[in-house]
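Below is one structure, written out as structure tokens; the observations come after it.
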Amino acid sequence: MILFPRFHLMEIEDQSWCPNWLRESSHSSLAQMWKTQSSKKGSPASQACDIIFENMDDVANFTFIDACAGAGGPTPLLEARLNQILRSQGKAPAPFILTDLYPDLNAWKSIVKKSENISYIEKPIDATKARRLAAPGRKECRTFNLCFHHFDDPAAKAVLRSAVQEADAFVIFEMTQRNFMALMNTSIVILSPLITTLIFFWNSPIHLFFTYLIPLVPLFYAVDGYVSCIRTRTPKETRDLLWSQPDLDLSEWEFKSGERMVLPPFGNLYWYMGVKKEKKIA
Ligand SMILES: C[S@@+](CC[C@H](N)C(=O)[O-])C[C@H]1O[C@@H](n2cnc3c(N)ncnc32)[C@H](O)[C@@H]1O
């Protein structure tokens with residue numbers, strides 16, 4: 007049940023004055039969240055992969071663009087699982103490309119070292135006006151992981167418009183929503199780095215100091231976590247952004263949405279997907 011209307015409040019990490027180390031620390035926590043396994047069904051990242059396979063045909067022919075990759079988010083695990091499944095079906099692996107308006111090259115360099123199917127674009131790419139990146143003959147799927155709520159309505163419309171005009175599919179994954187479950191899950195995600203740090207306290211006192219003894223940091227996690235919930239759209243609100251653009255041709259597109267419990271007891275993954283029904287070869 008949606009508890010309140012959406013407000014596009016300010017997240018600290020979107021501000022130009024937010025120090026890079028703070029932004030990167032938040033993105034590392036999110037990457038960690040994607041890997042966390044609290045059910046037999048696997049991590050949120052691997053369950054995101056299952057959602058893709060269940061709702062998209064022709065997965066092997068796609069190039070996946072992580073359009074707001076941060077520190078990599080789910081992509082390393084998602085790629086590993088998706089390509090493991092494709093190989094087991096006798097198909098060639100699908101390429102993944104990391105992009106972001108603020109590329110985290112240090113994190114990405116270490117990711118691409120571990121997978122030959124992941125690459126990155128070094129220059130900043132703005133998802134509101136991104137050009138097609140898939141090689142000729144391949145289809146392009148843009149993934150928006152925990153980032154779509156960062157866009158205000160005009161920017162979100164532009165992101166969707168660019169995806170519809172330049173790509174063949176897109177998937178929005180969010181772990182936040184304006185409901186009780188998401189607010190509870192966000193509270194756990196905010197506290198979990200503290201718990202993790204305390205577990206490793208004796209091995210890493212410097213980490214503890216920089217992460218938690220500066221009072222700004224937990225405040226930052228809390229503000230951005232709850233503001234993310236307040237800014238997240240329902241499937242209907244996302245659909246309205248698409249259909250409020252009368253000059254956007256959606257006739258060949260199919261849209262689906264859903265939610266799945268990926269991080270019990272409260273962590274639902276909310277997804278919205280658009281897939282072009284006919285093949286578009288560049
Ligand atoms: C909350 S982080 C999510 C990171 C990652 N996708 C994850 O799941 O952990 C949001 C990301 O969106 C990126 N971003 C914000 N506005 C953007 C834009 N206009 N174009 C591309 N990336 C953008 C930010 O730089 C940041 O890395």
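Going by our numbering, the sequence shown runs without a break in its numbering and finishes at 288. We treat Cβ as the ideally placed atom computed from N, Cα and C, and that holds for glycine.
From residue i to residue j, what does the alpha carbon distance come to, in whole angstroms?
| i | j | result |
| --- | --- | --- |
| L28 | V170 | 33 Å |
| L225 | R12 | 22 Å |
| Y227 | I236 | 14 Å |
| A51 | P252 | 34 Å |
| W259 | I178 | 15 Å |
| T238 | N191 | 14 Å |
| S34 | F59 | 26 Å |
| L254 | D159 | 16 Å |
| G231 | C55 | 24 Å |
| K41 | P82 | 9 Å |
| Y108 | A175 | 23 Å |
| P142 | Q43 | 37 Å |
| P25 | I57 | 35 Å |
| L291 | K163 | The structure shown has nothing for residue 291, since the chain only spans 7 to 288. |
| L15 | L152 | 16 Å |
| R87 | K115 | 20 Å |
| C74 | K119 | 20 Å |
| P271 | R148 | 29 Å |
| E85 | S49 | 13 Å |
Shortest alpha-carbon distance to residue i belongs to which of the options?
| i | options | result |
| --- | --- | --- |
| L139 | T105, S116, D110, G231 | T105 |
| D63 | L92, L248, Q38, Q21 | L92 |
| F261 | M267, S250, Y126, P241 | P241 |
| I8 | S250, E243, A73 | E243 |
| G78 | F150, F186, M279, N274 | F150 |
| E19 | S234, V281, L275 | S234 |
| N274 | G264, L88, L111 | G264 |
| A100 | S193, F272, A66 | A66 |
| S121 | W277, Q90, S22 | Q90 |
Would you please state the rounded distance, in angstroms, between the beta carbons of residue i and residue j? I believe it to be under 8 Å.
| i | j | result |
| --- | --- | --- |
| R144 | T69 | 5 Å |
| R245 | F10 | Not confirmed; about 20 Å, so no contact. |
| G76 | L36 | 6 Å |
| I117 | I124 | 6 Å |
| A173 | T134 | The Cβ separation is near 14 Å, so there is no contact. |
| E128 | Y276 | E128 to Y276, Cβ: 31 Å. No contact. |
Please find out if some non-hydrogen atom of ligand 1 comes closer than 7 Å to the beta-carbon of residue i.
| i | result |
| --- | --- |
| T42 | no |
| T134 | yes |
| P80 | yes |
| I124 | no |
| A100 | no |
| N112 | no |
| H33 | yes |
| D106 | yes |
| H156 | yes |
| L152 | yes |
Fill in: Whole beta strand (DSSP E) elements within the stretch 62-89, 3-residue minimum
68-72
Practice prompt. May I have a chain-ordered list of the alpha helix (DSSP H) segments no shorter than 4 residues that lie completely inside the stretch 156-197?
Written response: 159-172
Worksheet item: Quick one: complete beta strand (DSSP E) runs, 3+ long, within the stretch 87-162?
Response: 102-104, 124-126, 145-151
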